[in-house]
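Novice: Got a structure for you, written out below as structure tokens; questions coming shortly.
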Amino acid sequence: MLSINWDDVWKMVETIKIPLIVIGVALALAVVVSIAVIRMNRPARKLTRSTVWVAAFVAVVVAVVSMMYGGFRTVLDLASGKGALTDASKAQVEGLGNDISDEGMVLLKNTDGALPLQKGSAVNVWGWGSTNPIYGGTGSGSLSADNPTTSLLDGLANAGFSTNSDLSALYTGYRAERPEVGMFKADWSLPEPTQDMYSDDLLSGVRTFSDTSVVAIARSGGEGFDLPRDVNKEARENPYFSYTDNSTEYTDFQDGQGYLELTRPERDMIALAKQNSEKTIVVVNAANAFQLGELQDDPDIDAIVWAIPGGQVGFNALGRILDGEVNPSAKTPDTFPRIIKAGPAANNFGDFQYTNMTEFAQEDPFNKGTFTQPSFVNYTDSIYVGYRWYETAAAEGVIEYASEVVYPFGHGLSYTSFTQEMSELRESADGVLSAEVTVTNTGQVAGKDVVQVYSNPPYTDGGIEKPAANLIAYEKTKLLQPGESQTVPVTWSRDSLASYDAKDAKAYVLEAGDYRISIRSNSHEILSEQSFPVAETTVYDSAEDTHDGDLVVATNHFDDAAGDVAYLSRAGHFANLAEATAAPTGFEMSAEHKAAFLATSNYDPDSDEAGLSVRRPTTDARNGLVLGDLHGLAYDDPKWDQLLDQLSVDDMNSLISKGGYGSPAVSSVGKLRVSDVDGPASLNNNFTGVGSIGLPSAVSVAATFNKELARSFGDAIGTMAHDMQVSGWYAPATNTHRYAYAGRNFEYFSEDPLLAGAQVAEEIQGAQAKGVYAFIKHFALNDQETNRTHMLSTWTNEQALREVYLRPFEIGVKQGGAHAVMSAFNYIGTTYAGAHPELLNTVLREEWGFQGMVLTDYFAGYGYQNADQIVRNGGDFMLATLDIDIAKVNTQSDAGLAQMRRASHNILYTVANSWMYENGQPEVERNTWEYITWVVAGALILALLGLEVVALRRYRARAAVGPESAPPTRDTDDGDGTRGGGAE
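Going by the UniProt record's numbering, the first residue of the sequence shown is number 1, and it counts up by one from there.
Structure representation (structure tokens):
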């Protein structure tokens, strides 16, 4: 049923009210004058009527043009984007997509050398997912349909494999398309044929065709939904779910079973594959860590490959890996637990609603009639995320590692073998630690290996929380031939060994003691280890000794975000494990926090300006500068003040309120409109429909552990952006894989902040070297999709925030040089992340030295997004696609105008340093729709005026003849009750 969002309709009416008034007045005038002239003689009536209607039509045309240049201009500009990929760009990007997937698919299991298979051999490919594989994710991270995709079966065929077409026909005949999983609709059914559908003839054909089976298991994910942890329960209760069989239960899943577990039909299918094959290989096509313990333990499963979604050409890598043309070298960027729902985050992830916040209830703008109210999520696991938990819990004797972990972080097999030897550690005068690791290929085929360096810091029971393993450096070798060695230098800073003490020092602290530095084959298996003694404790709490190059001392700014939560602690061998990891039992926000909770309904701009004395900024000056004059100048160059003085208040509000997929033209400073488009694995213009080639997912890029490939990824984005006339890229996304069931994990890199941050920094550098600013997102703590726009109060402690969740962003800013940030939908404690002054000003700008612009995530109001609060607290502009009042700064005090000027400075600075201005001031090009509008409007007005000229000439001709000479006519009723005639 069509649902009309009347609020949006009214907002649109508000936007175009002046043109509507013009139309209304013109039409009313036409009616009134028409009635008034009824009593005139016939020629005069005709002339007057024609004149009135011509005037009315001209008014309508003018009003329509006004609307197009007013309320609809943003949308029309978006829809008129231009540019397409060149053949050279396509070749470059397709080649890179293949390279990333070659190094981004992980060989998890390979018993007795089951892989590689013989080149050109025949294989039976099982599983409905083999005909409907996963290329990426859904929502803003989906791939464009502009370019063809290489399917899983195509990838095998391109490698020379022949596949059983009868088996594939069973799946395509059963269902031809994947269920939709996305922002506004979710179907988690997996239409796998049941065991009885595999006929005896089909199975006989399987045995005849090949003795090798490849079984595909595919799982999707996307924006707007987390993956269901109890599929049947969520299908019955979640109104966003849709059903393909009019059922309220997905019979493939047993009650209590999650989406990242094998279904009953999948288990039956695997059993059939084993019964009818001598060799069985499972291919897991998903971006999320999957529950694979039963398959790892099954002696009849010979090999398992994690085929991370590889974009539009990535499945070529699967064929090359299976036949040995490519030796796999990827490593897992996440831990694969035996039971995902037994992890420390499991009970504190998902849907938790406050019961005492009804006064903040809001109507969901995308689901009319549905009201939401503030919700929460408690990050009770503190710093013990992913492998940090499993390694530390094992060290403390809380878990038996092998029974909890199937594949460690950093795990990945090869068709060859390697040794690694580490030199003595060295430290330079400026605190850089280094070592050389000699990697030797001791096997029979060429391959690449990854050097992983970890720190195990000294821990005092009850002291600063510290994991037993922390990745501090990694590098990847070149392709090593059998017997060949490479000495790989690895470096890390002394600062990277420090921990954040949120309780006592309220600063980063490097405690005295023995730090164990090791190289490992994964987070658990130590290859070599050395001691690095620290004689004295260092507290990074002075301007002369900040942590990791911070411009000002990093200290506690998020104490209020800790809330009333018990956080997991290593003290007493995790004595509070049961308490800290239990599901929430309290659903009321405390009175103290409720009093601090801010939404649009209770936000007062004056409260942000209390006590401020700010000079009113100069506006509307005529200094003769254009934006191109400032390309390459420093952020604080005096010329910026001169340029900013030229802006009017309306100019600034235009920049602030119209940030959806670009920023608008501002004639007073010579700024042209520029386009920013969605990512993360491609460039998608959602309005023109033009999309670039989709590269492998972020998880695949992380799994390569290859910084050069990440840099090339950013370079390719920059190349395609030039072709598509795009300046900004809404990516890379670097939130944390806190929990495997997060729906947007495909878009994020890893559970580890260093791996995520370093790969992100390379992507940013690659893109920005081409003059394309990358919006690192979603800043910060947007680590689940559930309730993300429902005033989601995210509670965490300062140590976890800084060491785990902010760290990849910090690396992206400091090492990547990011000049654009997209903030998050959620709250941090009681404050919206997109208007959080400590996050956006104190940490991002003052500590890290960020210079650039901060954009909101999609701006729909949501009951808590308003430009007044956002701009006063560190945000710069709204990702709004319609002109809506709340996206503008409406309270324009002197201090408010100063913040508008600051936001405009940030936007203009970033755009001025994009490739659009690299050659100075560009020529202003009007969009095609503008020329069409004026031509059509002009032609219509000329035609109407021409008709009026004809009417006037006819009137004069009749008037010259006079009424006596008028031809006789029959009486007619002119509508006034009289009978008309030629000589009335």
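The beta carbon of each residue, even a glycine, is placed where N, CA and C say it ideally should be.
It should be emphasised that the depicted structure is a prediction, and the values quoted were computed from it without experimental measurement.
Taking 8 Å as the cut-off, is the beta-carbon of TYR454 closer than that to any non-hydrogen atom of the ligand FAD?
Specialist: In the structure on display, the ligand FAD does not appear, and there are no ligands present to speak of.
Novice: Over what stretch of residues does the beta strand (DSSP E) that includes HIS573 continue unbroken?
Specialist: By 1-based counting over the sequence shown, the position of residue 573 is 573. Run containing HIS573: none in the beta strand (DSSP E); it sits in the alpha helix (DSSP H), 571–574.
Novice: Quick one: using the 10 Å Cβ neighbour count with 16 as the cut-off for buried, is ALA317 buried or exposed?
Specialist: To locate residue 317, count along the sequence shown from 1; it is residue 317. Its Cβ being crowded by 16 or more others within 10 Å, ALA317 is buried.
Novice: Alpha carbon to alpha carbon, how far is PRO179 from SER423? Give it in angstroms, no decimals.
Specialist: On the sequence shown, residue 423 is found 423 positions in, with the first residue counted as 1. On the sequence shown, residue 179 is found 179 positions in, with the first residue counted as 1. Cα-Cα distance, rounded: 53 Å.
Novice: Ordered along the chain, which non-local residues of its own chain (more than five positions away) have a Cβ less than 7 Å from that of SER668?
Specialist: Here residue 668 corresponds to residue number 668 of the sequence shown, with the count starting at 1. Within the same chain, SER668 has close Cβ partners GLN646, LEU647, SER648, ASP651.
Novice: Measuring straight from C-alpha to C-alpha, what distance separates PHE587 and TYR858?
Specialist: Locating residue 587 in the sequence shown gives position 587, counting from the first residue. Locating residue 858 in the sequence shown gives position 858, counting from the first residue. Answer to the nearest angstrom: the Cα atoms are 28 Å apart.
Novice: Once DSSP output is grouped into helix, strand and coil, what is the label at HIS778?
Specialist: Here residue 778 corresponds to residue number 778 of the sequence shown, with the count starting at 1. Reduced to three states, the DSSP call for HIS778 is strand.
Novice: For the beta strand (DSSP E) containing residue 1054, list its first residue and its last residue.
Specialist: The shown model of the chain, from 1 to 984, leaves out residue 1054, and the question about it has no answer.
Novice: Cα separation between ALA758 and THR831?
Specialist: For the purposes of this step, residue 758 is taken as the residue at position 758 of the sequence shown. For the purposes of this step, residue 831 is taken as the residue at position 831 of the sequence shown. Between ALA758 and THR831, the C-alpha separation is close to 29 Å.
Novice: Smallest Cα separation from GLY410: which of LYS119, ASN522, VAL313?
Specialist: Your numbering for residue 410 matches position 410 in the sequence shown. It is ASN522 whose Cα lies nearest to the Cα of GLY410.
Novice: Quick check on DSSP: helix, strand or coil for GLY834?
Specialist: Start at 1 with the first residue of the sequence shown, and residue 834 comes out as number 834. Helix.
Novice: Rounding to the nearest angstrom, what Cα-Cα distance links GLY938 and TYR917 in this structure?
Specialist: Position 938 of the sequence shown, counted from the first residue, corresponds to residue 938. Position 917 of the sequence shown, counted from the first residue, corresponds to residue 917. Those two C-alpha atoms are separated by around 34 Å.
Novice: Can you give the Cα-Cα distance for GLY632 and ASN906, rounded to whole angstroms?
Specialist: Here residue 632 refers to the residue found at position 632 of the sequence shown. Here residue 906 refers to the residue found at position 906 of the sequence shown. When rounded, the distance between both Cα atoms is 14 Å.
Novice: Alpha carbons only, please: which of VAL214, GLY386, PRO299, ASN158 is nearest the one belonging to TYR741?
Specialist: Sequence index remark: in the sequence shown, residue 741 carries index 741 (1-based). The option with the nearest alpha carbon to TYR741 is GLY386.
Novice: Who does GLN486 pair with in a DSSP beta bridge?
Specialist: Within the sequence shown, residue 486 is the residue found at index 486, counting from 1. DSSP output for GLN486 lists VAL439 as bridge partner(s).
Novice: What is the DSSP secondary structure of SER414, reduced to helix, strand or coil?
Specialist: The residue labelled residue 414 in the question sits at position 414 within the sequence shown. It is coil, neither helix nor strand.
Novice: If you check the beta carbons only, do VAL215 and ILE281 fall under 9 Å apart?
Specialist: Here residue 215 corresponds to residue number 215 of the sequence shown, with the count starting at 1. Here residue 281 corresponds to residue number 281 of the sequence shown, with the count starting at 1. Contact flag set, yes.
Novice: Report the rounded CA-to-CA distance for PHE72 versus THR555, giving the unit in angstroms.
Specialist: Locating residue 72 in the sequence shown gives position 72, counting from the first residue. Locating residue 555 in the sequence shown gives position 555, counting from the first residue. Confidence is the limiting factor: at PHE72 the pLDDT is only 46, short of 50, which leaves the residue's position unreliable, though a coordinate-based value still follows. Distance between the alpha carbons of PHE72 and THR555 is about 46 Å.
Novice: What residues in its chain sit with their C-beta under 6 Å from that of VAL181, if we drop five residues either side in the sequence?
Specialist: Walking along the sequence shown from the start, residue 181 turns up at place 181. These residues qualify, in order along the chain: THR138, SER220, GLY222.
Novice: Note down the Cα distance separating LYS814 from GLU763, rounded to an integer number of angstroms.
Specialist: One-based indexing of the sequence shown puts residue 814 at position 814. One-based indexing of the sequence shown puts residue 763 at position 763. Those two C-alpha atoms are separated by around 13 Å.
Novice: Tell me the residue span of the beta strand (DSSP E) that contains VAL206.
Specialist: Your numbering for residue 206 matches position 206 in the sequence shown. Unbroken run through VAL206 is the alpha helix (DSSP H), 200–209; no beta strand (DSSP E).
Novice: Does LYS466 pass the burial test, meaning 16 or more other C-beta atoms within 10 Å, or should it be called exposed?
Specialist: Position 466 of the sequence shown, counted from the first residue, corresponds to residue 466. With 16 or more Cβ atoms within 10 Å of its Cβ, LYS466 is classed as buried.
Novice: Once the 5 residues before and after ALA507 are set aside, which same chain residues still bring their CB inside 7 Å of it?
Specialist: By 1-based counting over the sequence shown, the position of residue 507 is 507. For ALA507, where only same-chain residues beyond five positions count, the Cβ hits under 7 Å are ASP501, VAL539, TYR540, ASP541, VAL553, ALA554, THR555.
Novice: What is the residue span of the beta strand (DSSP E) that PHE376 lies within?
Specialist: Here residue 376 refers to the residue found at position 376 when the sequence shown is read from its first residue. 375–378 is the span of the beta strand (DSSP E), which, as asked, contains PHE376.
Novice: If you draw a straight line from the alpha carbon of GLY70 to that of TRP389, how long is it in whole angstroms?
Specialist: As a working mapping, residue 70 is identified with position 70 in the sequence shown. As a working mapping, residue 389 is identified with position 389 in the sequence shown. Annotation note: pLDDT 46 at GLY70 (below 50); position unreliable, no value reported.
Novice: Is the beta carbon of PHE775 closer than 9 Å to that of VAL821?
Specialist: By 1-based counting over the sequence shown, the position of residue 821 is 821. By 1-based counting over the sequence shown, the position of residue 775 is 775. Yes, the pair counts as a contact, with Cβ atoms nearer than the cut-off.
Novice: Could you pull the start and end residues of the beta strand (DSSP E) that LEU471 belongs to?
Specialist: Translated into the one-based positions of the sequence shown, residue 471 becomes position 471. Counting along the chain, the beta strand (DSSP E) containing LEU471 begins and ends at 470–476.
Novice: Taking only runs of the alpha helix (DSSP H) that begin and end inside the segment 796–876, which ones reach a length of at least 4 residues, in chain order?
Specialist: 807–814, 867–872, all fully within the segment 796–876.
Novice: In whole angstroms, give me the CA-to-CA distance for THR335 and VAL405.
Specialist: Taking the first residue of the sequence shown as position 1, residue 335 is located at position 335. Taking the first residue of the sequence shown as position 1, residue 405 is located at position 405. Taking the straight line joining both Cα atoms gives about 7 Å.
Novice: Bridge partners of GLN452, per DSSP?
Specialist: On the sequence shown, residue 452 is found 452 positions in, with the first residue counted as 1. Beta-bridge pairing links GLN452 to TYR474, ARG520.
Novice: Pull up the distance between the alpha-carbon of GLY982 and that of ALA957, whole angstroms please.
Specialist: As a working mapping, residue 982 is identified with position 982 in the sequence shown. As a working mapping, residue 957 is identified with position 957 in the sequence shown. A caution first: GLY982 carries a pLDDT of 34, below 50, which makes its placement in the model unreliable, though a value can still be read off. For GLY982 and ALA957, the distance between alpha carbons rounds to 15 Å.
Novice: Write down every uninterrupted run of the alpha helix (DSSP H) in the segment 335–406 whose length is 4 residues or greater and which is fully enclosed by it, in chain order.
Specialist: Whole alpha helix (DSSP H) segments, 4+ residues: 387–395, 401–404.
Novice: Check whether the segment 487–494 touches the segment 711–728, taking contact to mean three or more Cβ pairs, one atom from each stretch, closer than 8 Å.
Specialist: No: the two stretches stay apart, fewer than three of their Cβ pairs being nearer than 8 Å.
Novice: Could you check what DSSP says for LEU625 in three-state terms: helix, strand or coil?
Specialist: In the sequence shown, residue 625 corresponds to position 625, counting from 1. LEU625: coil per DSSP, three-state reduction.
Novice: Would you tell me roughly how many angstroms separate the C-alpha atoms of ASN246 and ASP252, rounded to the nearest one?
Specialist: By one-based count along the sequence shown, residue 246 stands at place 246. By one-based count along the sequence shown, residue 252 stands at place 252. Confidence is the limiting factor: at ASN246 the pLDDT is only 48, short of 50, which leaves the residue's position unreliable and the question unanswerable from this model.
Novice: Between VAL626 and GLY670, which are expected to be in contact by the criterion C-beta below 8 Å, what is the C-beta distance as a whole number of angstroms?
Specialist: For this step, residue 626 is matched to residue 626 along the sequence shown. For this step, residue 670 is matched to residue 670 along the sequence shown. That pair is a contact at about 3 Å.
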